[in-house]
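Protein chains in written order, with the numbering used here: chain H, 113 to 394; chain E, 928 to 1229; chain Z, 60 to 340; chain P, 504 to 801; chain L, 504 to 801. Report on the structure given below.
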Ligand SMILES: Nc1ncnc2c1ncn2[C@@H]1O[C@H](COP(=O)(O)OP(=O)(O)OP(=O)(O)O)[C@@H](O)[C@H]1O
Ligand SMILES: Nc1ncnc2c1ncn2[C@@H]1O[C@H](COP(=O)(O)OP(=O)(O)OP(=O)(O)O)[C@@H](O)[C@H]1O
Ligand SMILES: [Mg+2]
Ligand SMILES: [Mg+2]
């Protein structure tokens, strides 16, 4: 940046001072650039693939339409999966943050619970599912619980660490002003751990999608994961790949949603981090 | 990618031993393979077998196609499905078969003791657990319901691994479950009642599974394939004739409780694939919509 | 304070501390942990015995313990543990190394981070399980298959934590580094690394569990040798007791991993408020 | 002198610090920050505490606030030993920047303790507005702390304490980051507050003029390990003003007296020996605290 | 007066601030912190900057340090426009606590920039030891910053800058947290450093005495949005000492002059209108900066 015309308090770091249009274009390029490049590469490399399990991308994309859009699968499979995923994820948020705050705040509680939690965390979902089925049956409850059982760990761990790292001066400020109980939880503990909690949410989201698939390996008769596994079992490989693409796409869309949430919930944090470098040299 | 040395060792190796990888599920059905290894039937054919555990038909097919296994064990419906997707797999020899005797087979449909369901026809419209949707279990169950005069069109299937089925039936989470040994016996021990022997009832003397390979292996290593088939044949025959030894060999590769192992019904291990039963099965698959077009099973049979 | 006699050594200092003194040290923590675990085991004993679920499907602790004792005597079991641990450790090591390097590169070059964000979000949620056919196709039922799945799953855990950790640098500290003209490497080594370290440790703990899960799941589904394979054997043989014994073993591995991670954390984060806070009353 | 013999039944002192001692025991460094402090503060007093940097002023304040457990000795507030932060107390921390919640606006920061006090909304808003205006920040209630300059942040922390209307107010160098003029204004604010509300104030500062101008008493602490070197009663008239008071002869005298004590403090601690601050595990270091003026010899 | 016409070829000024303007654009609040600053600093000058709290002193310093891009205008250092932190510059931040790395000991904190300068180990250790002793912290090299008192932390930050031996040294209220006596010592340290090494120093402070005692020039800034109100040349003799200089008549005169300007500054900004600080989106708030003395009316 330098002298001259840049009196307008805009960002002049981007190079092109074309303002909003430039920024939107750049954003689009950033979002689509690499994926498009990778897809092209895949397209070219797989163009005349003979390998049964790696069909040409062209074929996969052609099938995508039929498999997902021109059928009732969006409603019959994708929607139930999404609902179960959201339910499991939201429960995981409540449980993870709640338990995390508890464990992070009290050293003894942490010492008491940690080994058991670590134990449960290390049990692979495919062997955990049968146990869950004993208690929760086969229905949506079981699948939501499976999602929950995986999502909760990243949130829990990050919350615990976030809570443990609360600034001492702020803690003392609260003690002095008698800020206790729910007010303290919300205004001090949760808010100050929130950057790390959001990290946990992000991790949990992708783990949740993975577990959504695993949960649909058991006692399911619909769902995105169920479809993919059926395709896999019945050697409908092209269809299976469309399913994997759809999963990725879904993950991306959900991540965008989460990012919007993050921008909103953590605006103070981004402000704090960036206030001092806005329009910065770097 | 396969570690098997059969690629480079001279065919029909004079004195040379072919190392062969066979993919198999650790269940009762593959007892002859393990028994044959123990008895040295494969050695006699200059084959050294390494059994690699798999967990089901699709992994087995994938393993074979990618050259990870030379041969693998899988049920015929999986084979037919693979074939219908133009995957070049082909049966080499029989894997196992139904005993053909309703009342004394290695698998069937069980219900809780106090269930109102009395026979196969009573299963119509019920919630039945099966291990894999659109596979041999539901196809044969449907067939036996139809044979008993029931309506097989509106059954609610629940996919569950076999090990979970006794708990599911006894806990009444499903109305019925199609189980195989050893869970068939385990479920009965716990009080479950058998209402259908779907394998035996659906198709007479049905071949359930086969050992298979890719067409490429079969044509390019014809000699090896032949020797494998011979050894396998000996093993199947031996197992069929010596059920006690078959029960014993289970202890070496499964974790079946010896008490249970003594009580289970063993499958039949005939010498040949029952081609007719396979064709009937393939036709049923078209009827039930598992595959779109009728296929001629001679394509996949030796 | 000083010449010798005036101040008792730090260890002996604080008997007078009022009310909310810490008391329990590391030993106390371990004890509490054991107590927690014992409670868990008792619950596991009582639930099937009370008839809440049938002992046929969820055996009580005592029966599992019996099966476990039997397992411990088998060479096959130990071979399986070794196999699993090998797959787990190698996979984790690769994932952490990759995650740290990629994380710091992306984290310190904003343009790269911006342009890879969407791809990362796309790839992350693709379940390792869905990659199983691909893994089998490429590597068969071998260690390499397991590694592929383990690395794929654990890598993202580390990467995301590192990216967020790098973002968490204190602006004043960052400015300080800039004004003293610290080179990129020095900034990474002395500013970004310590800041991201707590995040990374959480990432490693997450990844360690995920890697273990994936190692076992891969063995379970692909059939590669290891504990998962044993679980599969127990499961398909209807041997419920030994199946649970094996699950307990995987869980215990997880606990052991965590204990190690905590040790590491205390050693490298002594300056961090979360660790500091535990030493003072 | 040990105060342990004093019974808490004499109603006079609000605050009694008795033989307070504090040792920070760390992994590689143990420091006896406070050796032996004994003094008391009556209800409604305004006591200033001065002492060299690192003397233990903040440590003392944190012990009084119940944030830190003394190694030995005790702090008695209103007849009861302090176990945790007592109700009705407000503290302005030296680390003003870190004591503000970055996720709250200035207004919310000031309002939070009031919510905790269960005040009505209208009353809260009035208090917030008044206190922000009192510290000269009436125009930035919607800003976040990190959008403010250092001095402004410090004033927000002060406004928060003022709005809280505490019985006892502890302040740790609360004006360190504000300019001379604002500082003078804030000093007058503190005095008027004190006179109006009868609040007991303990005010840590390193500015001797400020201590003398503000206080009824000035406690001079030695350098670490800390004891009370002197307790100067400030007998200036109750009505003080920046120009008149500061130019009075008595002010100059008192100032000189405190200054002399501080000079002594720099070179003398509770420890008669040659080691004013001991770093247990770095015995090879010179333990005599160096004077910055030595620097010329570099 | 606009400096844009000055060509950078006159070797004299080391630092040229030309028509500097800085607007902080936030989501709910846009602030014109600096309106129009133009001045230059010659090589080897020691310039003190004073101004009311929130005037934009820190903002100015951060622009000069290349940490913040000006909204318009430019900062020219040694003939080239500043784009990022120039080499050979050291900054002591107002938020001293946060500018120290908590994972390093005091010694390591001071040593880190020296490692970057590729100094030999022995030389580094000498510099570290000397500078720590110069600020009176020779005995705590192994402590962590969070084990130190506020004033000690600030001195560590100072020691780090001193050990770095910069060409140009920017200091933002570096003595705010230290006691009077230490402060006097540190002031002398800065002057002796300046005289010995010929370093160019820009020193932000809110203490007028300090500014006059230390500087060759004192820049008085108006309150926000900021312009230069006055540029006072300090014609005191080069050899200064705490007692003599401060009691001289000329010192008192200069002090009074600066004080007068500061008084003006509080009530006058670059903006002739009634809005010294514009809070774009909170127009309902009184925009006139209130004086703390108004508090009496509460
Ligand atoms: N958390 C801690 N761990 C170890 N030592 C500490 C800790 N906090 C303070 N100290 C030490 O205790 C002594 C007194 O510190 P304190 O903060 O009370 O000083 P202070 O009088 O407030 O100084 P200043 O005026 O510089 O703020 C110092 O030597 C300091 O190094
Ligand atoms: N990151 C920011 N975002 C928005 N406004 C800011 C930011 N930083 C500073 N300001 C505003 O800019 C103005 C000048 O701030 P600055 O920190 O430069 O003042 P200062 O002169 O250093 O004050 P002090 O002596 O109190 O430290 C203030 O009104 C402040 O609110
Ligand atoms: Mg202090
Ligand atoms: Mg400032």
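No residue lacks a Cβ here, since even glycine has one placed at the ideal position from N, Cα and C.
TODO: Look at residue 321/H and residue 258/H and say whether their C-beta atoms are less than 8 Å apart.
DONE: In the first chain, residue 321/H corresponds to position 209, counting from 1. In the first chain, residue 258/H corresponds to position 146, counting from 1. Inclusion of residue 321/H and residue 258/H in the CB contact set at 8 Å is not warranted, their separation being larger than that value.
Task: Cut-off 6 Å between Cβ atoms - residues of its own chain near residue 1219/E, not counting five sequence neighbours on either side - done: Mapped onto the second chain, residue 1219/E falls at position 292. Same-chain partners within the cutoff: there are none.
Task: Closer than 8 Å to chain P by CB, residue 298/H - done: Here residue 298/H refers to the residue found at position 186 of the first chain. It does not: the Cβ of residue 298/H has no partner Cβ on chain P nearer than 8 Å.
Task: Pocket of ligand 4 (residues with CB nearer than 6 Å to any heavy atom), chain order - done: This criterion selects 652/P, 653/P, 560/L, 561/L, 597/L, 675/L.
Open item on the list: Which residue wins for smallest C-alpha separation from residue 270/Z, given the options 236/Z, 309/Z, 293/Z, 176/Z?
Closed with: Numbered from its first residue, the third chain carries residue 270/Z at position 211. Ranking the options by Cα distance to residue 270/Z, first place goes to 309/Z.
TODO: Could you check the C-alpha separation between residue 680/L and residue 745/L for me, to the nearest Å?
DONE: Numbered from 1 along the fifth chain, position 177 holds the residue referred to as residue 680/L. Numbered from 1 along the fifth chain, position 242 holds the residue referred to as residue 745/L. The alpha-carbon of residue 680/L is positioned some 19 Å away from that of residue 745/L.
Open item on the list: Could you check if residue 655/L belongs to the surroundings of ligand 1, using beta carbon to heavy atom distance under 7 Å?
Closed with: Here residue 655/L corresponds to residue number 152 of the fifth chain, with the count starting at 1. Yes, Cβ of residue 655/L sits closer than 7 Å to a heavy atom of ligand 1.
Open item on the list: Looking at the strands, I want to know which residues DSSP matches up with residue 1138/E.
Closed with: Taking the second chain and counting its residues from 1, one reaches residue 1138/E at position 211. Residue 1138/E pairs with 1000/E, 1020/E.
Open item on the list: Contact criterion: CB-CB distance below 8 Å. Does residue 245/H meet it with respect to chain E?
Closed with: Along the first chain, read from residue 1 onward, the residue named residue 245/H stands at position 133. With 8 Å as the cut-off, residue 245/H counts as an interface residue toward chain E.
- [ ] Could you tell me if residue 251/H is buried or exposed, where buried requires 16 or more neighbouring beta carbons within 10 angstroms of its beta carbon?
- [x] As a working note, residue 251/H is residue 139 in the first chain. Residue 251/H comes out exposed.
TODO: Rounded to whole angstroms, what's the CA-CA distance from residue 353/H to residue 990/E? Just pull it up for me.
DONE: Position 241 of the first chain, counting from 1, holds the residue named residue 353/H. Position 63 of the second chain, counting from 1, holds the residue named residue 990/E. Computed Cα separation, rounded: 18 Å.
- [ ] For my contact list, residue 616/P and residue 291/H are in at a C-beta cut-off of 8 Å; report their separation, rounded to the angstrom.
- [x] Counting from 1 along the fourth chain, the entry for residue 616/P is found at position 113. Counting from 1 along the first chain, the entry for residue 291/H is found at position 179. 6 Å between Cβ atoms; contact.
Open item on the list: Once the 5 residues before and after residue 376/H are set aside, which same chain residues still bring their CB inside 8 Å of it?
Closed with: For this step, residue 376/H is matched to residue 264 along the first chain. There are no such residues.
Task: Distance CB(residue 334/H)-CB(residue 175/H) smaller than 8 Å - done: Against the first chain, residue 334/H aligns to sequence position 222. Against the first chain, residue 175/H aligns to sequence position 63. No, these two residues do not count as a Cβ contact at 8 Å.
Task: Segment limits, beta strand (DSSP E) that includes residue 516/L - done: In the fifth chain, counting from the first residue as 1, residue 516/L sits at position 13. Element bounds for residue 516/L: 516-528.
- [ ] Have a look at 948/E, 944/E, 952/E, 1097/E and flag the residue whose alpha-carbon is nearest the alpha-carbon of residue 1136/E.
- [x] In the second chain, residue 1136/E corresponds to position 209, counting from 1. Taking only the C-alpha atoms, the option nearest residue 1136/E is 952/E.
Open item on the list: Under 8 Å, Cβ to Cβ, is there at least one residue of chain P near residue 598/L?
Closed with: Taking the first residue of the fifth chain as position 1, residue 598/L is located at position 95. Judged by the 8 Å Cβ criterion, residue 598/L is in contact with chain P.
Task: Residue closest to residue 719/L, alpha-carbon to alpha-carbon, out of 729/L, 648/L, 741/L, 712/L - done: Here residue 719/L is taken as the residue at index 216 of the fifth chain, counted from 1. Minimum Cα distance to residue 719/L is reached at 741/L.
Open item on the list: Any heavy atom of ligand 2 inside 7 Å of the beta-carbon of residue 646/P?
Closed with: Locating residue 646/P in the fourth chain gives position 143, where the first residue counts as 1. Yes, the Cβ of residue 646/P comes within 7 Å of a heavy atom of ligand 2.
Open item on the list: For ligand 2, is there any heavy atom lying closer than 7 Å to the beta carbon of residue 557/L?
Closed with: Position 54 of the fifth chain holds residue 557/L. It does: the Cβ of residue 557/L is within 7 Å (strictly closer) of some heavy atom of ligand 2.
- [ ] Could you spell out where the beta strand (DSSP E) holding residue 545/L opens and where it closes?
- [x] Within the fifth chain, residue 545/L is the residue found at index 42, counting from 1. DSSP places residue 545/L in the uninterrupted beta strand (DSSP E) bounded by 533-545.
Open item on the list: Please confirm whether residue 224/Z has its beta-carbon closer than 8 Å to some beta-carbon of chain C.
Closed with: Among the chains of the structure shown, chain C does not appear; the protein chains present are H, E, Z, P and L.
Open item on the list: I'd like to confirm the pairing. Which residues does DSSP put opposite residue 751/L in its beta bridges?
Closed with: Working through the fifth chain from its first residue, we reach residue 751/L at position 248. In the DSSP output, where bridge partners are listed per residue, residue 751/L has none listed.
Open item on the list: For chain Z, check one thing: does any of its Cβ atoms lie closer than 8 Å to the Cβ of residue 594/L?
Closed with: Here the question's residue 594/L lines up with position 91 in the fifth chain. Output row for residue 594/L: interface = yes.
Task: Strand pairing of residue 575/P, partner residues [DSSP] - done: By 1-based counting over the fourth chain, the position of residue 575/P is 72. In DSSP, residue 575/P forms a bridge with 524/P.
- [ ] Assign residue 162/H to buried or exposed, taking buried as 16 or more other Cβ atoms, counted over all protein chains shown, within 10 Å of its Cβ.
- [x] Locating residue 162/H in the first chain gives position 50, counting from the first residue. By the neighbour-count rule (16 or more Cβ atoms within 10 Å), residue 162/H is not buried but exposed.
- [ ] Measure the CB-CB distance between residue 602/L and residue 235/Z and report whether it falls below 8 Å.
- [x] Translated into the one-based positions of the fifth chain, residue 602/L becomes position 99. Translated into the one-based positions of the third chain, residue 235/Z becomes position 176. Taking 8 Å as the Cβ cut-off, residue 602/L and residue 235/Z qualify as a contacting pair.
Open item on the list: Checking the sheet assignment: what are the DSSP bridge partners for residue 617/P?
Closed with: Taking the fourth chain and counting its residues from 1, the one referred to as residue 617/P is at position 114. Residue 617/P is not bridged to any residue.
- [ ] Output yes if chain H places a C-beta closer than 8 Å to the C-beta of residue 249/Z; else output no.
- [x] The residue given as residue 249/Z occupies position 190 in the third chain. It does not: the Cβ of residue 249/Z has no partner Cβ on chain H nearer than 8 Å.
TODO: Please report how far the alpha carbon of residue 1230/E lies from the alpha carbon of residue 1166/E, in whole angstroms.
DONE: Examination of residue 1230/E is not possible in this model, given that chain E is present from 928 through 1229 alone.
Task: N- and C-terminal bounds of the alpha helix (DSSP H) containing residue 739/P - done: Counting from 1 along the fourth chain, the entry for residue 739/P is found at position 236. For residue 739/P, no alpha helix (DSSP H) run applies, since DSSP gives it neither H nor E.
- [ ] Evaluate the contact criterion for the segment 347-363 of chain H versus the segment 163-183 of chain H: three or more CB pairs, one atom per stretch, below 8 Å.
- [x] yes
Open item on the list: Tell me which residue opens and which closes the beta strand (DSSP E) that residue 1083/E is part of.
Closed with: On the second chain, residue 1083/E is found 156 positions in, with the first residue counted as 1. It spans 1083-1086 - the beta strand (DSSP E) in which residue 1083/E sits, taken as one unbroken run.
- [ ] Report yes if the C-beta of residue 680/L is less than 7 Å from at least one heavy atom of ligand 1; otherwise report no.
- [x] Within the fifth chain, the letter at position 177 stands for residue 680/L. Yes, ligand 1 has a heavy atom inside 7 Å of this Cβ.
TODO: Report whether the distance from the Cβ of residue 813/P to the nearest heavy atom of ligand 1 is below 7 Å.
DONE: Nothing in the structure corresponds to residue 813/P, since chain P is present only between 504 and 801.
TODO: Determine the DSSP secondary structure at residue 594/P, reduced to helix, strand or coil.
DONE: Translated into positions along the fourth chain, residue 594/P becomes position 91. Note: residue 594/P maps to strand in three-state DSSP.
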